[in-house]
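K.L.:
I have a structure I would like to understand better, so I am pasting it below and will then ask my questions one at a time.
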Amino acid sequence: MNTKILLSALQEVEKRAERVSEDDVLATYVNVESLTAALGAKDNGIVFGRRGTGKTHALKYIAQTEREKGNRVVYIDMEQDVGSTEGRYADPHLSISERATRLVVDVLSIVHTQLLEAAFAGEIKVQIDALDRMLDHFQEVLVAQETEQEGTRTDRSAQGSKTDAGVGWPPGGMPSLKLGAGSTRETAREDGVRTRQTGVIRHRIHFGGVTQSMRQAVEADDAKRFWLLIDEWSGIPIDLQPYLAEMLRRLFFGIPKVSVRIAAIPHRSEWRIAGERGDYIGAEVGAELFPLLDLDEFVVFPARSREEQAQRSLSFFRALLFRHISTAVIGMGEDPPESEADLIGSLFTQVTSLQEVIRAAEGVPRDALSIVGRAGLRAGGSKVAVAHVREAASQLYTTTKAAQLNGMPVARALLDRILSDVIAGRKARAFLIKQDQTQDGLIQQLVDDRILHIIKRGWSGKDNPGERYDVLQIDYGCYVHLLGTNAAPQSLLGGDDDDEFSAVVGDVEVPDEDYRAIRRAILDLPTMLGDIAASTDTDASTAD
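Taking our numbering, the leading residue of the sequence shown gets 178, the next gets one more, and so forth.
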């Protein structure tokens, strides 16, 4: 295969799945059996994953394959189809009741529009006027705030009387008698209603006749399955997410032929609001809505040994590049590479260059495509070498990931401390942290921005099995400039690389001395945050 054609095709590869045409969705999808089986499960469920892990591509794959089977699919991109979620639904001048009502009605309107189009096309055996009546019922949808009301009434009245008498005899005139009488009366009543809010303010969603009309429309469809796919769930303001989940639960979860699929970022999602008496608004994850797949865990390629993981990740990314680049080459009017081996041999100087791409991507497909594209530009018409990959990865980190911390000085300070402790101090590229501390907002920010990567959840050592840790790996871009120097990380946690991987990722028993080495890799997050806070206070005092 001509290398220059492949390098040109790299610049044509779409990095974001929402920009991939429907015709290319299947062509570029890497069909992994376990992944595909989870996506196609009938349960109502969630596909979790950070940005770039393939959530949108997964949902579009479901949409395309299910349509080909003759099933009904309603696909909603919450950022593209519903409009600017930050503008319409995050207005601080509007009450949560009004914002939530707008959101629920807007999503229902999209479902209604797609059902109406199918009815006009003769694909659904439902009367058009029945769908029109559903539209009328949308006016009944209301997110209402429950409060206590207190009535007040005030009555007041006043009454009085007055009598005057007098004799007048003006000079030169006749005497006169003057009498006067008067009375006053005033009556007033004031009525009012005063709202008194006590405890937690509760909301309830009233759907009116929408519930029945939606069920009738869905069941009138001859399709065996009705798929409702909701992408970019985490783009919805987090305080409104439970209300949309409540709508899904009450309108769709109870219809046997309906399968709901939601793509969401784990720590940017809220599924329910608990009430005071065990009631709630939203959906209960694990009972009504199931976490079917975590793409962050999938792309780590869990394995018992370093060799097994390397083989699985190499197989996946070879297929990923082959499918995306072949699709781009065909779009250019050229003949695609004959096989994965043909592509890899024509694009890279050696297999270690591809392995460096996989290492740099940290398991994130979008980052892998971006790094290869940038490396191709640096190759200048030649095959891509390891040096090109490292330069591309460094640029990607500097211009995208690191730049996101510019407005977050505390997060940047924490990252600097982690790099100093882990990379400079132990020449390692990963660390352990207590599982509850992984929920810290700053740690989650670094994970969401793909600067830290969770490669193992809930690890525990045999000496203290009750204590659980997560294993976090530092992004390749943080230390790529150190590679080839004495300061470069030498292993996963600072000891024997293979043994450490087997112990914390593969759950393989290792000697006691290796466990002691792993224990030294535990990060003391509270102390770090305390030091950062003290340093910030000192800097502020000095400035004053």
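The C-beta atom is built at its ideal place from N, Cα and C for all residues, glycine as well. Fair warning: this is a prediction, and the values are worked out from it, not measured in the lab.
Just to confirm the assignment, what range does the beta strand (DSSP E) spanning K611 have?
P.N.:
607 to 611
K.L.:
Tell me the rounded alpha-carbon separation between L609 and V395.
P.N.:
Looking at the two C-alpha atoms, the distance is approximately 49 Å.
K.L.:
List the residues that DSSP assigns as beta-bridge partners of V395.
P.N.:
None, per the DSSP bridge assignment.
K.L.:
Would you report the Cα separation of M391 and P666, rounded to the nearest angstrom?
P.N.:
58 Å
K.L.:
Which residues does DSSP list as the beta-bridge partners of G459?
P.N.:
Per DSSP, R449.
K.L.:
Return the bridge partner residues of G222 from the DSSP annotation.
P.N.:
In the DSSP output, where bridge partners are listed per residue, G222 has R438, F467.
K.L.:
To the nearest angstrom, report how far apart T577 and G654 are at their CA atoms.
P.N.:
11 Å
K.L.:
Give the DSSP bridge partners of V561, in chain order.
P.N.:
Under DSSP, the beta-bridge partners assigned to V561 are F525.
K.L.:
From I301 to G226, what does the alpha carbon distance come to, in whole angstroms?
P.N.:
34 Å
K.L.:
Flag this pair as yes or no: are the beta carbons of A562 and T504 separated by less than 7 Å?
P.N.:
no
K.L.:
According to the neighbour-count rule (16 or more other Cβ atoms, all chains shown, within 10 Å of its Cβ), is F499 buried or exposed?
P.N.:
buried
K.L.:
Measure the CB-CB distance between V190 and H501 and report whether it falls below 7 Å.
P.N.:
yes
K.L.:
Are the segment 208 to 215 and the segment 440 to 456 touching by the rule of at least three beta carbon pairs closer than 8 Å?
P.N.:
no
K.L.:
With which residues is F403 paired in a DSSP beta bridge?
P.N.:
Looking at the DSSP output, F403 sits in a beta bridge with R249, V435.
K.L.:
Following the continuous beta strand (DSSP E) through D647, name the residue where it begins and the one where it ends.
P.N.:
646 to 651
K.L.:
Using the three-state DSSP reduction, which class does G635 fall into: helix, strand or coil?
P.N.:
When DSSP states are grouped into helix, strand and coil, G635 belongs to the strand group.
K.L.:
Report the residue from I407, K401, I239, G459 whose alpha carbon sits nearest the alpha carbon of I432.
P.N.:
K401
K.L.:
Please name the residue or residues paired with I600 in a DSSP beta bridge.
P.N.:
Per DSSP, none; premise fails for I600.
K.L.:
For I548, does the three-state DSSP call read helix, strand or coil?
P.N.:
helix
K.L.:
What is the rounded straight-line gap between the Cα of V437 and the Cα of W404?
P.N.:
6 Å
K.L.:
Between which two residues does the alpha helix (DSSP H) carrying F493 extend?
P.N.:
483 to 508
K.L.:
In its own chain, which residues sit with a C-beta less than 6 Å from the C-beta of E409, not counting the 5 before and 5 after it?
P.N.:
D254, M255, E256
K.L.:
Just to confirm my understanding: we take L660, look at its own chain, exclude 5 residues before and 5 after, and list those with CB closer than 7 Å. What are they?
P.N.:
R567
K.L.:
Among V599, L470, T230, which residue has its Cα nearest to the Cα of T213?
P.N.:
With distances taken between Cα atoms, T213 lies closest to L470.
K.L.:
Quick check: I507 and P513, are their CB atoms within less than 7 Å of each other?
P.N.:
yes
K.L.:
According to DSSP, what are the bridge partners of D408?
P.N.:
D254
K.L.:
Please name the residue or residues paired with S668 in a DSSP beta bridge.
P.N.:
A605
K.L.:
Strictly by DSSP, which residues pair up with I301?
P.N.:
D398
K.L.:
Would the segment 277 to 287 and the segment 226 to 244 be scored as touching if the rule is three or more Cβ pairs under 8 Å?
P.N.:
no
K.L.:
Compare the Cα-Cα distances from A601 to each of A588, A698, I632, G618 and report the closest residue.
P.N.:
A698
K.L.:
DSSP state of K355, grouped into three classes?
P.N.:
Note on K355: pLDDT 49, under 50, position unreliable in the model; no value is reported.
K.L.:
How should Q616 be labelled, buried or exposed, when 16 other C-beta atoms within 10 angstroms of its C-beta is the threshold for buried?
P.N.:
exposed
K.L.:
Start and end of the alpha helix (DSSP H) containing K192?
P.N.:
Per DSSP, K192 belongs to no alpha helix (DSSP H) and is neither H nor E.
K.L.:
For the alpha helix (DSSP H) containing A579, name the first residue and the last one.
P.N.:
DSSP places A579 outside any alpha helix (DSSP H), giving it a letter other than H or E.
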